[in-house]
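Chemist: In the numbering used here, the protein residues as written are 422 to 492. Next up is a structure, given as structure tokens.
Written out as structure tokens, the structure reads:
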């Protein structure tokens, strides 16, 4: 399974990555970052076959380069 690291303080909450994740593993957080904005969180589903496939669509679409994908 791949892993996504999201810089939550840098995230401005455009939610493009949420829309582009083919597995639906990135969600809008209810918490706020230092800028006072809702950020996104990587939320893998434990033991599920829908784990991150490392496609990097979240990292490519992010205008602020907040996502890092590790395989």
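We put the beta carbon where it would ideally sit given N, CA and C, even for glycine.
1. Can you tell me the Cβ-Cβ gap for residue 450 and residue 439, rounded? I've got them flagged as a contact below 8 angstroms.
2. Within this structure, are the beta carbons of residue 472 and residue 422 separated by less than 8 angstroms?
3. Among 458, 465, 430 and 442, which has the Cα closest to the Cα of residue 480?
4. Considering only the alpha carbon of each residue, which of 483, 436, 490 and 432 lies closest to residue 457?
5. On the three-state DSSP scale, how would you describe residue 460?
Modeler: According to the data block:
1. Not really, about 10 angstroms apart at Cβ, beyond 8 angstroms.
2. yes
3. 442
4. Residue 432 holds the alpha-carbon nearest to the alpha-carbon of residue 457 among 483, 436, 490 and 432.
5. strand
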